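**Q** Provided herewith is a single structure, encoded as structure tokens, for subsequent inquiry.
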Amino acid sequence: MAALNGAVENGQPDKKVPPLPRPLRSLEVKYTKIFINNEWHESTSGKKFPTYNPSTLEKICDIEEGDKPDVDNAVEAAKAAFQRGSPWRQMDALSRGRLLHKLADLLERDRVILATLETMDTGKPFLQAYFIDLEGCIKTLRYYAGWADKIQGRTIPVDENFVCFTRHEPMGVCGAITPWNFPLLMLVWKMAPALCCGNTLVIKPAEQTPLTSLYIGSLIKEVGFPPGVVNIVPGYGPTAGAAISTHHSIDKIAFTGSTKVGKLIKEAASKSNLKRVTLELGGKNPCIVCADADLDLAVECAHQGVFFNQGQCCTAASRVFVEEQIYPEFVKRSVEYAKKRLVGDPFDSRTEQGPQIDQKQFDKILELIESGKKEGAKLECGGLAIEDRGLFIKPTVFSEVTDNMRIAKEEIFGPVQPIMKFKSLEEVIRRANSTEYGLTAAVFTKNLDRALTLASALQSGTVWINCYNALYAQAPFGGFKMSGNGRELGEYALAEYTEVKTVTIKLSQKSP
7 MAALNGAVEN GQPDKKVPPL PRPLRSLEVK YTKIFINNEW HESTSGKKFP TYNPSTLEKI
67 CDIEEGDKPD VDNAVEAAKA AFQRGSPWRQ MDALSRGRLL HKLADLLERD RVILATLETM
127 DTGKPFLQAY FIDLEGCIKT LRYYAGWADK IQGRTIPVDE NFVCFTRHEP MGVCGAITPW
187 NFPLLMLVWK MAPALCCGNT LVIKPAEQTP LTSLYIGSLI KEVGFPPGVV NIVPGYGPTA
247 GAAISTHHSI DKIAFTGSTK VGKLIKEAAS KSNLKRVTLE LGGKNPCIVC ADADLDLAVE
307 CAHQGVFFNQ GQCCTAASRV FVEEQIYPEF VKRSVEYAKK RLVGDPFDSR TEQGPQIDQK
367 QFDKILELIE SGKKEGAKLE CGGLAIEDRG LFIKPTVFSE VTDNMRIAKE EIFGPVQPIM
427 KFKSLEEVIR RANSTEYGLT AAVFTKNLDR ALTLASALQS GTVWINCYNA LYAQAPFGGF
487 KMSGNGRELG EYALAEYTEV KTVTIKLSQK SP
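Just so you know, our numbering puts 63 at position 57 of the sequence shown, and the rest follows in order with no gaps.
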């Protein structure tokens, strides 16, 4: 995953390389309260919860803990903002797009602040937050800003004496529950198309990482979005998240997270008001390397594909299938890459890998590593925590992995690369598809027929050919099977935030 940053003016590239941005190590956290109606509120219960820096295990600050009464207040604000005749509903589509462009401008202005907050709260390397997460946010906002005045229906030919056309209308109040691995980026993936289409929002960020979401609240107000259009309620999943999922006045909910929680949200939606649900869930993604592949490219992409963001990606290349002729060399080079990966302070510009998000996730990864050892996989490198360093785990590579092992079946969500071998195309297709997940897949080959055959056969929402994590605001993203429902990004996401209304008019049969 990469981002291009720079300008080309009058056809001449700027040859000066800008200095790397620097984090604000002593940054003060300003926004810790619940954001409703463009105002900051304390929780109804008076409760707060702490958020921690996973690099140091020190508490950053206390956050107001939203619960059902706070969600109710946020929903009432969102409903009022969506009422006919409100400033938001009276705003023309072009003006909605301008607000999204202004929000992107403020993300550009405060990019260092937001990247610093994201690193403090998640432990991801600062430069990755700056160049990848923030870049993706800005591009997504600008993409949907451009769509705001281009959402249109169709005129449909029916009987001679009738005129029939469709309107694409906003759904109403939308709930958004975001994850801790890409807190700001996943928020923007939901917020941008929802606002582009004219909806209002109630957002619950992950309790581990609320800081950038709350900062966005301040920018929403500064940009000039009317009160109630965007509301942010930090809190816990079983309380605030459940209140959003079951709320009868929320018309649609978008969730990114685990398949287990996704099932709970879909069940809650069905038991309440049958609200529409978009889910982006887990993955156990196959990365297939054929014998004719560019080996240097395949090794590097597979490495970045699994270790990026500390392995905490739903798209992680966590099942690497390598054709047997090149298997030993691929393993050898993968181990070399893993051993060179720099783990440490995420604010250090040299760091490639930071800590895991919390103790629970840390323990789960180490337990799965132990299962790999016990079940007969060959530990090539890593496999241990870094001593006296909190939640840091050494980049780990397993070879001789078989499909029945837990590390080949379960979503690890950590810096662990299981490498398997295959003999034939039919075999690897069968094995790649033999999972409940279907989020992403990758294929490395120089043979176009083979690439397209695999792209067609793999049961995944996204297939990358000779690349990995190539994500764009213009291209839809989502999963097959238990990796989720619906699509985010691209024109396809607009359908997730609109209702189609059919209008049919009977014409007078009198002679003019």
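No residue lacks a Cβ here, since even glycine has one placed at the ideal position from N, Cα and C.
Fair warning: this is a prediction, and the values are worked out from it, not measured in the lab.
Starting from Ile413, follow the alpha helix (DSSP H) in both directions and report where the run begins and ends.
**A** Unbroken alpha helix (DSSP H) run through Ile413: Arg412 to Lys415.
**Q** Could you please give me the residues that DSSP links to Gly179 through a beta bridge?
**A** The residue you asked about is not Gly; residue 179 is Val in the sequence shown. In the DSSP output, where bridge partners are listed per residue, Val179 has Thr206.
**Q** Mapping DSSP to helix, strand and coil, what is Cys307?
**A** Here Cys307 sits in helix by DSSP.
**Q** What residues in its chain sit with their C-beta under 6 Å from that of Ala391, if we drop five residues either side in the sequence?
**A** Excluding positions up to five away in sequence, the list reads Ile399.
**Q** In this structure, how does DSSP classify Met426 when only helix, strand and coil are distinguished?
**A** Note: Met426 maps to strand in three-state DSSP.
**Q** Looking at the structure shown, is Cys143 part of a helix, part of a strand, or coil, going by DSSP?
**A** The answer is helix: DSSP assigns Cys143 an H, G or I state.
**Q** Roughly how many whole angstroms lie between the Cα atoms of Glu273 and Gly484?
**A** If I take the Cα positions, the gap works out to 20 Å.
**Q** If you follow the beta strand (DSSP E) that Asp68 is in, where does it begin and where does it stop?
**A** First-last of the beta strand (DSSP E) with Asp68: Glu64 to Glu70.
**Q** As a quick exercise: from Arg395, Ile435, Thr441 and Gly388, pick the residue whose alpha carbon is nearest that of Ala414.
**A** Of Arg395, Ile435, Thr441 and Gly388, the residue nearest in Cα terms is Thr441.
**Q** Could you check where the alpha helix (DSSP H) with Asn439 kicks off and where it finishes?
**A** Asn439 -> alpha helix (DSSP H) spans Leu431 to Asn439.
**Q** I'd like the list of long-range same chain contacts for Lys281, defined as Cβ closer than 7 Å, with 5 residues on each side in sequence excluded.
**A** So the qualifying residues of the chain are Ile256, Asp257, Lys258, Ile259 and Ala275.
**Q** Helix, strand or coil: how does DSSP classify Gln134 here?
**A** Helix at Gln134.
**Q** If you check the beta carbons only, do Ile157 and Thr508 fall under 8 Å apart?
**A** Going by C-beta atoms, Ile157 is not nearer than 8 Å to Thr508.
**Q** To which residues of the same chain is Ser51 closer than 6 Å at the C-beta, ignoring the five residues directly before and after it?
**A** Asp73.
**Q** Which same chain residues end up closer than 7 Å to Arg148 when comparing Cβ atoms and leaving out the 5 residues on each side of it in sequence?
**A** Cβ neighbours of Arg148 beyond the five flanking positions: His107 and Ala110.
**Q** Can you pull the DSSP bridge partners for Thr504?
**A** Bridge partners of Thr504: Pro176.
**Q** Any chance you could list the alpha helix (DSSP H) runs of at least 4 consecutive residues sitting entirely within the region 181 to 251, in chain order?
**A** Complete alpha helix (DSSP H) runs here, min 4: 189 to 202 and 217 to 229.
**Q** Considering only residues of the same chain and omitting the five flanking positions on each side of Leu397, which have a CB-CB separation below 6 Å?
**A** Counting only Cβ-Cβ distances below 6 Å, and skipping sequence neighbours, we find Pro60, Pro361, Gln362 and Phe368.
**Q** Give the list of continuous beta strand (DSSP E) stretches no shorter than 3 residues that lie fully inside the region 255 to 327.
**A** Those beta strand (DSSP E) runs which fall completely within the region 255 to 327 and span 3+ residues are 258 to 262, 282 to 286 and 292 to 295.
**Q** Going along the chain, which residues of its own chain have a beta-carbon closer than 7 Å to the beta-carbon of Pro216, five neighbours each way excluded?
**A** Excluding positions up to five away in sequence, the list reads Thr57, Ile69 and Pro240.
**Q** Taking Cβ positions, are Ala481 and Ile471 nearer each other than 8 Å?
**A** Against a cut-off of 8 Å, the Cβ pair of Ile471 and Ala481 comes out as no contact.
**Q** Output the distance between the C-alpha atoms of Arg104 and Ala151, rounded to the nearest integer angstrom.
**A** Cα-Cα distance, rounded: 7 Å.
**Q** To the nearest angstrom, report how far apart Gln46 and Ala80 are at their CA atoms.
**A** The sequence given here places Trp at residue 46; Gln does not occur at that position. Using only the alpha carbons, I get a separation of about 11 Å.
**Q** Tell me the residue span of the beta strand (DSSP E) that contains His47.
**A** That run of the beta strand (DSSP E) goes Glu45 to His47.
**Q** Can you say whether Arg493 is buried or exposed, counting buried as having 16 or more other CB atoms within 10 angstroms of its CB?
**A** It counts as buried.
**Q** What's the C-alpha gap between Ser278 and Thr252?
**A** Straight-line Cα distance between these residues: approximately 5 Å.
**Q** Considering only their Cβ atoms, is the gap separating Arg412 from Leu374 smaller than 8 Å?
**A** Yes, they are a contact pair.
**Q** Taking the CB atoms as reference points, tell me whether Gln310 and Tyr136 lie closer together than 8 Å.
**A** No. Outside cutoff.
**Q** Beta strand (DSSP E) containing Pro60: first to last residue?
**A** No beta strand (DSSP E) contains Pro60, which DSSP labels as neither H nor E.
**Q** Which one or two residues does DSSP pair with Ala391 in a beta bridge?
**A** Looking at the DSSP assignment, Ala391 forms a beta bridge with Ile399.
**Q** Whole angstroms is fine: what's the gap from Pro93's alpha carbon to Ile183's?
**A** Distance between the alpha carbons of Pro93 and Ile183 is about 26 Å.
**Q** Can you tell me where the alpha helix (DSSP H) with Val23 in it begins and where it stops?
**A** Taken as a continuous stretch (DSSP letters only), Val23 belongs to no alpha helix (DSSP H), as it is neither H nor E.
**Q** Let's see if you can read the secondary structure: which residues bound the beta strand (DSSP E) around Thr6?
**A** The question about residue 6 has no answer here: the residues shown for the chain are numbered 7 through 518.
**Q** Starting from Phe41, follow the beta strand (DSSP E) in both directions and report where the run begins and ends.
**A** First-last of the beta strand (DSSP E) with Phe41: Ile40 to Ile42.
**Q** Using DSSP bridges, identify the partner residues of Trp470.
**A** Bridge partners of Trp470: Ala448.
**Q** Label Gly91 either buried or exposed according to how many other C-beta atoms from any shown protein chain fall within 10 Å of its C-beta, with 16 as the threshold for buried.
**A** Counting Cβ neighbours within 10 Å, Gly91 comes out exposed, since fewer than 16 surround it.
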